[in-house]
Amino acid sequence: MEAAAAPPSLRPHRSRSINPAPATRPGPKPRPWGLLGANRQANAVRCELPRRPEPRPLRASAMAEDGGDAGGAGRRKRLAVFVSGGGSNFRAIHEAALAGEVHGDVVALVTDKPGCGGAEYARSSGIPVVVFPKSKSAPEGVSVPELLDTLREHEVDFVLLAGYLKLIPAELVREFPRSILNIHPSLLPAFGGKGYYGLKVHKAVVASGARYSGPTVHFVDEHYDTGKTLAQRVVPVFADDTPELLAARVLHEEHQVYVEAVAALCEDRIVWREDGVPLIKSQLNPDVLYST
C-alpha cells in the first residue's frame with residue numbers, strides 16, 4: 001500500500017522561490033520543458049509553481065482540541081515499520097533515529113515477505129521481525145489479533161508503512177487512530193490507489209505527461225492512499241525522463257521528507273485543524289504551522 005499541490009516544507013528556514021526555474025537538469029545547457037531540439041525551443045512551455053506565501057501563525061481556535069504539543073516530546077517514541085521490499089525508507093528512518101534526528105526507536109519490523117531486504121536489514125540490526133499476514137508462502141505469519149497483541153507487547157506508539165503493499169486491516173487503523181503514516185511515490189491524490197505502487201506509479205506519471213511528481217506522506221485509513229496528506233515534495237519530470245530515472249529522483253526526496261515527518265510525529269509537533277487537516281509545528285517557532 002502506498003495513500004498536485006505546491007511543494008510543502010517541513011523546515012521553516014527553507015526558502016521558497018517566487019518564480020521557480022523551469023524543470024531542467026543541472027548542467028551548462030538548461031533545457032526548456034516539453035520539447036527537445038533547438039529548432040523547437042521557441043514553442044516550449046514553462047511550467048512554474050504558483051507563488052506561495054510564507055507560513056503564518058494560526059489562531060488556537062483554528063486547531064482541534066486534541067492537537068499535538070511540541071513541548072511534550074518527552075520520552076522516545078516506539079515505532080513499528082511495515083515493509084515488503086528493500087526497505088530503503090525504513091533504513092533512512094532507523095539511521096536517523098540512531099543519529100538522534102528522530103526522537104524514537106524502531107522496535108519491530110513487520111513484513112509480508114520474510115526474505116526481503118528490509119527484513120534482512122532488521123535482523124542484522126537486532127530488530128525483531130514479525131511476519132504478517134499468514135499465507136502459503138509465509139505460513140509462519142500471524143493473524144490480525146496476534147499482530148495487535150505483538151504491537152501492544154512492544155508498546156508501539158506509531159506505525160510507519162515503508163513500501164508495504166498489503167492493505168492495512170481496519171482493526172489496526174482503529175487501534176492506532178491518527179498514528180499510522182505511509183509514504184507514496186506520487187503527489188496524491190494523483191496516481192494513487194490500488195495497483196499504484198513502485199515503478200508502476202512512475203510509468204503512469206511519465207505516460208501522462210505530468211510536469212511534476214514527488215512523494216506524499218499521509219495518514220492511513222481503511223483504504224489505499226486516501227488518508228489525509230501530511231507532507232509532500234515536488235520533483236520535476238523531464239521531457240526525456242524514463243520511469244527509472246524519475247523513480248530515483250523521487251526516492252531521494254522520500255528519504256528526506258519521511259524522516260522529517262516522522263521526526264515531527266515523534267516530537268508531538270503535529271496538530272489537527274478543525275476540518276481534519278494535519279499541520280506541522282515549526283521546531284524553531286511552535287506558533288508557526290505548516291500546511292501542505
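Anchor point for the sequence shown: position 187 equals 187 in full-length UniProt numbering, and the numbering is continuous, going up by one each time.
Every residue, glycine too, gets a C-beta built ideally from N, C-alpha and C.
Please read these numbers as outputs of a predicted model, since none were measured by experiment.
Would you call the CB atoms of residue i and residue j closer than 8 Å?
i, j, result
"V217", "V271", "no"
"E253", "G214", "yes"
"C116", "G74", "no"
"V106", "A97", "yes"
"G193", "Y224", "yes"
"A210", "V237", "yes"
"P133", "G141", "yes"
"L167", "A108", "no"
"S143", "H94", "no"
"I180", "V220", "yes"
"A138", "D157", "no"
"T229", "L265", "no"
"L160", "V234", "no"
"V102", "F82", "no"
"V288", "L246", "no"
"G104", "R76", "yes"
Quick one, which of the options has its alpha-carbon nearest residue i's?
i, options, result
"N89", "H223, G163, E175", "G163"
"E153", "R78, V206, S208, P139", "R78"
"E146", "K113, L289, V130", "V130"
"H184", "L148, E171, H202, D149", "H202"
"E222", "R178, D287, A122", "R178"
"F191", "T226, L251, L284", "T226"
"A92", "L251, N285, S186, S84", "L251"
"E244", "Q232, Q283, K200", "K200"
Quick check on residue i: buried or exposed, where buried means 16 or more other Cβ atoms within 10 Å of its Cβ?
i, result
"P278", "buried"
"R174", "exposed"
"N182", "buried"
"T242", "exposed"
"E274", "exposed"
"E260", "buried"
"N39", "With a pLDDT of only 41 at N39, under 50, the local geometry of the prediction cannot be trusted, and the value read off the model is given with reservation. Classification of N39: exposed, given that the 10 Å Cβ count is below 16."
"G118", "buried"
"S135", "exposed"
"G276", "exposed"
"L284", "exposed"
"A170", "exposed"
"A248", "exposed"
"G85", "buried"
In the DSSP output, what is residue i paired with across the bridge?
i, result
"V110", "F82, V130"
"K77", "G104"
"I93", "Per DSSP, none; premise fails for I93."
"R123", "Paired residue(s): none; R123 is not in a bridge."
"Y290", "I280"
Q.
Report the start-end ranges of each beta strand (DSSP E) in the stretch 197-243 that is 3 residues or longer and not cut off at the edges.
A. 216-219, 229-232
**Q.** In chain order, each beta strand (DSSP E) run of at least 3 residues that lies wholly inside the stretch 144-186
**A.** 158-161, 180-184
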